Every structure is written in C-alpha cells, then in structure tokens.
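Chains as they are written, first to last, in the working numbering: chain A, 11 to 279; chain B, 11 to 279; chain C, 11 to 279. The beta-carbon is built from N, C-alpha and C at its ideal position, and this holds for glycine as well. Here the structure is a predicted model, which is why all the values come from computation and not from measurement.
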Amino acid sequence: MVVSLLEKVRALNPIVANVANGVTIDQVANAQNAIGASPIMSNAPEEAEEIVTIAQAITINIGSLWAPQIQEMMALMTAAYQQQKPIVLDPVAVGSLAYRQQIIEQLLILDTPTLIRGNAGEIAYFAGIDWQANGIDAGHGNSNPVIIAKAAANRLHTIILLTGPTDIITDGQRVTLISNGTSLFQTHVGSGDMLSGLCGAFVAVHPADPYQAAIEAAATFAVAGELVATAMETPLPGTFYPQLIDYLFHITPAKVANTVQLSEVPTHE
Amino acid sequence: MVVSLLEKVRALNPIVANVANGVTIDQVANAQNAIGASPIMSNAPEEAEEIVTIAQAITINIGSLWAPQIQEMMALMTAAYQQQKPIVLDPVAVGSLAYRQQIIEQLLILDTPTLIRGNAGEIAYFAGIDWQANGIDAGHGNSNPVIIAKAAANRLHTIILLTGPTDIITDGQRVTLISNGTSLFQTHVGSGDMLSGLCGAFVAVHPADPYQAAIEAAATFAVAGELVATAMETPLPGTFYPQLIDYLFHITPAKVANTVQLSEVPTHE
Amino acid sequence: MVVSLLEKVRALNPIVANVANGVTIDQVANAQNAIGASPIMSNAPEEAEEIVTIAQAITINIGSLWAPQIQEMMALMTAAYQQQKPIVLDPVAVGSLAYRQQIIEQLLILDTPTLIRGNAGEIAYFAGIDWQANGIDAGHGNSNPVIIAKAAANRLHTIILLTGPTDIITDGQRVTLISNGTSLFQTHVGSGDMLSGLCGAFVAVHPADPYQAAIEAAATFAVAGELVATAMETPLPGTFYPQLIDYLFHITPAKVANTVQLSEVPTHE
C-alpha cells in the first residue's frame, strides 16, 4: 500500500470544521491537530458559510444531539454542498434511535455526504438491513458486515467506512478490508469519533478520491491504535488515549505501509 | 463486604443515558465504559422517551446548566418515572446558587430521584441545613455530614450518597461509611461526576436496591482512586485521571472487597 | 522576577466563572483547579448575576460559539462590569471569521475586558493590523508581534497577552516578554484556553494589577510547559497534557522565578 495523503495533511495543514459530539469534541480536535490538520468547531449557523469558506472539509457528528446543533449541521452542510467541500458524516446511534433517523433523513435531503463512518449497527440502518444496535455500540446481527457496507454505499451512492474488528471501506463496488486495530477502540469512548475526524483531515487534502482518503485514514488510525496497544504491558483504555494522540503525531507513511494488513475483496465475490 | 454488582454491570453491559455536565462529559462516558456499561448522551427532548426505553438507568448532572438542557432533563426524567427506570441526580453547586435550587425544585416536582450524589455543600441544601458551600466545592459548615445525609434522605425519601473524605450512603435509617479514597478526588475536576455516572451503571443492574448499588459504586470508585494514588510516586491530578480509567477497567470484586474500609453506623446512634 | 500571586491563588482558592470553549472546557477546569482556583461553568443567563457574585473573576472564550452562549456572555460580562470583577477574554479565531468579529464588537460595547489573551492572528484584529490568521491558529503576517500587541492595548485601553514562541504582555506602554514555553503548546489543542483560564485565576487574586497578573500567569504556564516538555524523552502532545496538569499542581514560585526568561522592552524602543 502506498500511503501518500498523510504527508499531504502535514504539509497542507487543512482546516477541518466540525460539528462535534460534546462527549468527544476535545479528542477529535486533538486527533486532528496531532495528524497535522487544524480543527475548528462551531455551533452558530450564522457563521456556517464563512466557516466552510475557510475550511477544506467538514465533519458532522450527531452524538450529543440538541436542536440548535441540527440547524448548525444543516447550515454547514448546505454551505459545503454549495462550495463543493467534502463532508464526513458520523451517524452516532442512528441504528438505535428513531429520532436520530429522522434527523439523518433531514440531512440526507440536502444531498449525500462524501463519506459516512459508522459501526455495523449504524451502517445497517443506511443499508436497510435488520440489525440489533445497542445504543452507541455496534450490537449484533446476522448479516455480513461487507454486505451491509456495500448495500449502504449503493443505496446512498457514497463511500462507506464501516469500523469494527475489521474495517471495511467501500464505494459499493470496490471493497478494501483493514484488519489492524485493537480492542481498546471499543473500550475507549471517542475512538470512532476521532477516526471520523481524521477522515475529515484526509479527505480535505484529496477531495477527488474519498475512497482512497478513507482507506488511508482508517489504515493510519488502526495501525496507530494497534501499535500503541501492543506496546502496553497491559492494554488499558485510560492511558491508551494520550499515547494514541502521541502516536498520531509521529506516525510515518512508512510505518503505516509496513504494518497495515489490507486486502481487497474481488468485485464479483 | 460482598461485591456482586460489578460483575453484573460487566455481564449485562447496561445502557446509561446521561444529561451530562459539559465539563466532564468525556470523563463520565469513559468511566461508565471502563466499568462495563454503555453510555449514551442526549440533549434533545425529542428523543427522551426512546432514549429512556433503550436505557436501564439515567443520570442527570446540572454542572454546566443551560436552558435547553433543562427541558431535556425534564423530558428524560418524566419518561424515566413513567417507565420506572432508576434516576441518579448530581446537583452540582446547588448549595451556592439560587437559580440551580429553583431548577432542582422544578425537577423534584416531577417525582423523587432514586439516588442523589453530592458533596456536603450540595446535600446540605436538600437537608435544609446551613452550610457555606463554595461554588462546585463542598465548602464548610458546622454540622456532622452523617446528620446532613440522613436529614436529606428523610426529607426526600430517597437514597443519599454524600461524598467527601468519608463517603456516606444512607436511606435515612441505615448509614454506611466508606473511608477509602484519595485527596486527588478533590484536585481532579470530574471525580464526583464520574462517581455519579458509575452510580447510574450500578443502579441500572440492580434497580430494586439502590442503597446497595450506591454502596458498591462508591466502594469501587473509592478503592480504585485510592489504589491508583497509592501506586503513584507523587500523587498528581493530571496523570491520575487516565490511570483511574485504567483501574476501573480491570478492578475486580475481590480487590474491592479486600480493600474497602466500610462500616455501618448503628441505626440508633 | 518576584512571583507572588501563585501562592495567593493557592491560599485564597478564588472561584473563577467560565463561559468556556466546549472543546477544552475540561482542560480549563482542571488547569484552574490544579493551580489552586475553583472553576465554575455556566451557560444560563438566569444565573449570571449570582455566579458573578460568588466569583472573583470571569473568563469568556468564544471558541465553540452558539447563540445561547452569546446571551450568557453578555449577561456574565454585564454583571461583572457592574460588580467590578475582572474579565479575561479569549477571542478564539476572531482573526478568521467575520461573525466572531461581530460578536466581539457586541461584547466590547458593554465595556472593555480587563485582559485579552490571544495569538498574533487574534490580537492583530484588535490592533487593526493586516494578518493572515488561519482558523484557530496564529497564521502569519509581516508585522512585529510587539507592535501588534501594543497597538491593540492602546486602541482598547486594556492589557494584552499575545502568546506565541515569545509571549508578550503589554498595557500599551510597558512591554514584558517571556521566552519560555514549548512547541507542544501549538500541537496540543487547549493550551491557549488553559492559559486564559489561568489568567482568570491570577487576576482574581490581584484585580488591581492585571498587567502583573498576566505576567505571572504567562510565566507560570510557559515555565510549566517548558519543563514538562524538556523532561520528556520525545516531546509528544498526548502525554504532555496530563503531565502539564501535574506540573501546574506542584509548581512553586521559586521554580517559576528561577526558570523564567523574562525581559522588559524599554518604553521608547
């Protein structure tokens, strides 16, 4: 695998505007900063248009939903579609809550985000496949996650990054699997949100190919998490997080390329 | 002491819905996750009813109060009372601020929370006892904290967990004291909020006996904090927090039972 | 340099009320607590007046702006001016966003804050000097930061703390430079916000001389950051933050005085 976008993020220092989950907003900002991007957060629809103007990408996270934030999401996304800036959507708990499904449908009416990052329970919602999501957690179901991801990508005509023990990136046709990572991603709240934030940083510097941006963001994050966890005597979620930020700060393209366990699923499988 | 609920939290992985303090929302989510629960946060009254439906307990924290959040608290608590889900209330700074007293009185009109966790300055308010609270800190007063806790429990007909150098759990009759802990709980902002969050996790798996749930939550947290602080060469609040999350992740019932310094105050004392 | 206010903060344990940046609110609270102050956060205009009454200083941060927060800022600042409590303003990204400039102008109509802490891109806005700010980052420009800081102080008749590789404190006439610090302040999101929070703690105990309070806050923070970074085998932003909180907790006036590299710019330079 050639990792080319990481250096581009560091060289271009793109501004990524975030409507963040209040729970993990600090983690997202610090992960974006560590990788080389410049985060900005806003909750004011009044500044949405100019925020999008100065930003190279936006990320939308519905994790701690409240009404004024929805207006901000609508305003930022509308401006981003108009200005053709890429949008990463993180649909936290959409598989478990009808209200969040309603909000997501409102957001999808505007247009389709460039990339959606979620766990199996969240992506199954977009695929229209039955799944027992468990709040913010993936939950369980009988379908193959690859089929879920492809179905969601095909229904929405977008790129899907379905994260779990194996990360799945698909545009509905092509499917890339990344099997790095650590179980600490499940035990540390904020892991998924940070990865969505990193997707924003990578797609910011390569908006023409969000499939590749998603692959590199997922690979970088999974490799960083795996190597941090492996180096810990006992993998534990509290001290994991600051070390993960450290690792994102100094990770190199060569380290990602040499460590990533990536495979492509044949298109007609 | 028999510690039975910790394993139950890990086995059942209950969803705890939180209206959180913006300051410490990340800490609460990660503490709940580390102990084995699944946190979900919401600020949208529109999803209160279904959030309560998927949750096994809710926690309400008034630490960074704003008007839309109050509507969410009302909506979540109303749904929780209807669905008979346990509620943990953390009345941050209620001893210092008349507006927060007014909000708390509005919340109490709905019904009585299952458990209230606060410091002496906060619980003294519910007891109707004079006390000089100091913002978010306990402050100082002349009354015995055990008397304050019992008075509050008796006035409200609920379980009180009054935290301080000694933690006091009471239903107005029975009183349990836990003398573990660390002074770092005072120097790290978020300690009380995390414990309230853990109370939500423990009461979620044992709603029939919130007195026992409060004892086990307080014992688990106090033992974890004490053992982390004791193991530090110099106890310091910044590196304490990630290690505390680590410890909550791997603490065992046996460790709690063997370390806890617990005593019961005779009822007619 | 005589460092006298640090011990005063620890002795008096002042309450500092914050309208915080949602991204870094946890960091600000913990930094204030570590240094010896007692933070309180609020977003409810209804409690602004009594919050100011119990507080010795307030800090206002516009980093994650949303409309209801602006009302809270107005209410807190109005009460603070009436009660003559010092105000520290952190104008995050004001150099990049016209909407934030509009909000800042609304806030300045009330009266002038005691102290404004920002990077070159933010302070250049107040100075009316051209500068290419980059979102939350300083960006770049051709003017000398000392000239920018003095111009801002003179236009607003207030104290300016312009932070960067060299921190500049000025009242428009006197200029103090502090050249301690670490590049990790740039790679850790929240560094500037924490320093603004510390300014609140220092000015709370010495409201008669905000120039001196700003110098001591900046010196304490820069020395702490520098010594933490120097002690790290490889300076990295994730593990830097918890250690910085540790250091703020145990830093002594003697350590600050012995480490600070401070110079005064002659007035007629």
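Distance check for G145 (chain A) and N268 (chain B), CA to CA, integer angstroms please. 34 Å
Beta-bridge pairing of L125 (chain C) - partner residues as DSSP gives them: C:V98 and C:I169
Would you mind giving the Cβ-Cβ distance between Q66 (chain C) and P24 (chain C), rounded to the nearest angstrom? I have them listed as a contact below 8 Å. 4 Å
Report the neighbours of N144 (chain A) on chain B: residues whose CB is nearer than 9 Å to its CB, in chain order. N23, I25, S48 and I64
Quick one: is Q116 (chain B) buried, meaning 16 or more other Cβ sit within 10 Å of its Cβ, or exposed? exposed
Counting only Cβ-Cβ distances shorter than 9 Å, please list the residues of the stretch 193-217 of chain A near chain B, keeping chain order. Q196, T197, H198, V199 and G200
Three or more C-beta pairs below 8 Å linking the stretch 219-236 of chain A and the stretch 184-194 of chain A: yes
I want to verify the contact list: residues of chain A whose CB lies under 7 Å from the CB of Y257 (chain C), in sequence order. Under the 7 Å cutoff, chain A gives no residues; its nearest Cβ is about 15 Å from Y257 (chain C).
Residues bridged to F31 (chain B) by DSSP? This sequence places Asn at residue 31 (chain B); Phe is not what is there. N31 (chain B) is not bridged to any residue.
With 9 Å as the limit, tell me which residues of the stretch 228-258 of chain B have their beta carbon closer than that to any beta carbon of chain A; keep them in chain order. T249, Y251, P252, Q253, L254, I255, D256, Y257 and L258
Local Cβ density within 10 Å of D177 (chain C), reported as buried at 16 or more and exposed below that: buried
Counting only beta-carbon separations shorter than 9 Å, does S74 (chain C) have a partner in chain A? yes
Might you give, ordered along the chain, the residues of its own chain that have their beta carbon closer than 6 Å to the beta carbon of F231 (chain A), omitting 5 neighbours on each side? L205 and L208
By a C-beta neighbour count over all protein chains shown, 10 Å radius and 16 as the cutoff for buried, is I119 (chain B) buried or exposed? exposed
Give the secondary structure of D146 (chain A) by DSSP, where H, G and I count as helix, E and B as strand, and everything else as coil. First, the residue type needs correcting, since residue 146 (chain A) is Ile and not Asp in the sequence shown. Here I146 (chain A) sits in coil by DSSP.
Cutoff 6 Å; reference P89 (chain B); Cβ partners in own chain excluding five residues on either side: The question names Pro, but residue 89 (chain B) in the sequence shown is Ala. Within the same chain, A89 (chain B) has close Cβ partners A58, E59 and V62.
Closer than 7 Å by beta-carbon distance: list the chain A residues that pair up with D147 (chain C), in chain order. S48
Can you look up E274 (chain B) in the DSSP assignment and give me helix, strand or coil? strand
Could you tell me the alpha carbon to alpha carbon distance between Y257 (chain C) and V33 (chain C), rounded to whole angstroms? 22 Å
If we call anything under 9 Å between Cβ atoms a contact, is W76 (chain C) one with P78 (chain A)? yes
Going along chain B, which residues have a C-beta under 7 Å from V33 (chain A)? I35, D36, A39 and M51
Under 9 Å, do G200 (chain C) and Q37 (chain C) count as touching if we go by C-beta distance? yes
Could you give the residue range of the alpha helix (DSSP H) that holds M51 (chain A)? Run containing M51 (chain A): none in the alpha helix (DSSP H); it sits in the beta strand (DSSP E), S48 to M51.
In chain A, which residues lie less than 9 Å from P78 (chain B) when you measure between Cβ atoms? W76, A77 and P78
Between A:P263, A:G73 and A:Y91, which has its C-alpha nearest F212 (chain A)'s C-alpha? A:P263
Restricting to Cα atoms, I'd like to know which of A:M83, A:S52 and A:Y91 is closest to G73 (chain C). A:S52
Give every residue of the same chain whose Cβ lies closer than 6 Å to the Cβ of S153 (chain B), excluding the five residues on either side of it in the sequence, and list them in chain order. I139
Exposed unless 16 or more other CB atoms sit within 10 angstroms - verdict on A241 (chain A): exposed
Exposed unless 16 or more other CB atoms sit within 10 angstroms - verdict on V185 (chain C): buried
Can you list, in chain order, the residues of its chain with a C-beta nearer than 8 Å to that of V19 (chain A)? Leave out the 5 residues immediately preceding and following it. I45, G46, A47, A211, F212, A214 and V215
Does any C-beta atom of chain B lie closer than 9 Å to the C-beta of I61 (chain C)? yes
Between which two residues does the beta strand (DSSP E) harbouring L187 (chain C) extend? V185 to I188
Close beta carbons around D181 (chain B), own chain, < 7 Å, minus the five adjacent residues each side: A163, I169 and Y221
Inter-residue CB distance, T173 (chain B) and G202 (chain B) (contact presumed, cutoff 8 Å): 6 Å
Hey, L166 (chain A) and R127 (chain A): beta-carbon distance below 9 Å or not? no
Just to confirm before moving on: does the CB-CB distance between I158 (chain B) and A134 (chain B) stay below 9 Å? yes
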